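Asks:
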Amino acid sequence: MYAPASTRSWQAGRERVLYRISDYRDCQSHGPTIAERVWTAWWQDSGLKVGDVAEHLQDMTNPHKLPTGFVAHDGDDYVGSAFLIHCDLEERPQYLPWVAALWVEEGRRRSGVARALMQAATQRAAELGHEASYLCCQRDLEAYYINCGWTVLERGVGKHDLTMLTFSTNI
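Numbering (the numbering used here), first residue to last: 683 to 853.
1) Answer yes or no: does any C-beta atom of chain C fall closer than 9 Å to that of threonine 715?
2) Please list the segments of the beta strand (DSSP E) lying wholly inside the stretch 713-798, counting only runs of 3 or more residues, in order along the chain.
3) If you reduce the DSSP assignment to three classes, tell me which class threonine 804 lands in.
4) Within a Cβ cutoff of 8 Å, which residues of the same chain sit near threonine 851, ignoring the five residues on either side of it in sequence?
5) Taking 6 Å as the limit between beta carbons, can you name the residues of its chain near valine 786, skipping five residues before and five after?
6) How is leucine 835 classed by DSSP in three states: helix, strand or coil?
7) Less than 9 Å between the C-beta atoms of glycine 704 and valine 753, yes or no?
8) I believe leucine 784 touches alanine 798 by the beta-carbon criterion, under 8 Å. Please report the beta-carbon distance rounded to the nearest angstrom.
9) Buried or exposed for tyrosine 826, going by 16 or more other Cβ atoms inside 10 Å?
10) Checking 9 Å against the spacing of the C-beta atoms, do lysine 731 and tryptophan 721 come in under that value?
11) With DSSP collapsed to three states, give me the class of aspartate 708.
12) What does DSSP give as the partner residue(s) for tyrosine 816 in the beta ladder?
13) Report yes if the C-beta distance between glycine 840 and leucine 771 is below 9 Å; otherwise report no.
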């Protein structure tokens, strides 16, 4: 079963930034912040309310099934989060599971947090018996994910012209 990542550090100039990756079920106090970040980034114009996203987080407390989530935190400070869900792209429901809602606070970006969150999610996918994980992104982020080990499966998907990528879990 997935074990939380050890504390990681990053040297930014003279400032040392520490964070830990934990299962969402162990960090539910960050739920309101996660819901607000996810809603603002992806759902604000959809008609959903922040409370709808917060309600969805309640489904992420069973480590043995989807959906599940991961939180990067520095003590009580929220650093970022990611979900592992059934489907993130309605045009491709046959693929499962999806790394979704990957978010890192602006001041903590470019420090390996996103990569660590993706690693936690893909590791959990492997533990749940999945040979691959999937992710979709805007075309301008495609190179980042390729650099993190993801492979493009398809481009130009759906009304948002998304790129669909896959990551082999090698189980």
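Idealized CB from N, CA, C, for every residue including glycine. Small disclaimer: the values here were computed from a predicted structure and weren't measured.
Replies: So, from the listed chains and residues:
1) In summary, chain C is missing from the structure at hand, where a single protein chain is found.
2) Taking only runs of at least 3 residues, the beta strand (DSSP E) segments lying wholly in the stretch 713-798 are 750-756, 759-767, 780-786.
3) In the three-state reduction of the DSSP assignment, threonine 804 falls in the helix class, which pools H, G and I.
4) Taken in chain order, the residues that qualify are Thr804, Gln805, Ala807, Ala808, His812, Glu813, Ala814, Ser815.
5) Taken in chain order, the residues that qualify are Gly762, Val795, Ala796.
6) Strand, per DSSP.
7) For clarity, residue 704 is serine in the given sequence; the question names glycine instead. If you check the CB distance, serine 704 and valine 753 come in under 9 Å.
8) Between alanine 798 and leucine 784 the Cβ distance is about 11 Å, and since that is not below 8 Å, they are no contact.
9) Exposed, by the Cβ-count rule.
10) Using a Cβ distance threshold of 9 Å, lysine 731 and tryptophan 721 count as a contacting pair.
11) DSSP places aspartate 708 in the helix class (H, G or I) of the three-state scheme.
12) Looking at the DSSP assignment, tyrosine 816 forms a beta bridge with Trp780, Thr848.
13) Yes, Cβ-Cβ distance for glycine 840 and leucine 771 is below 9 Å.
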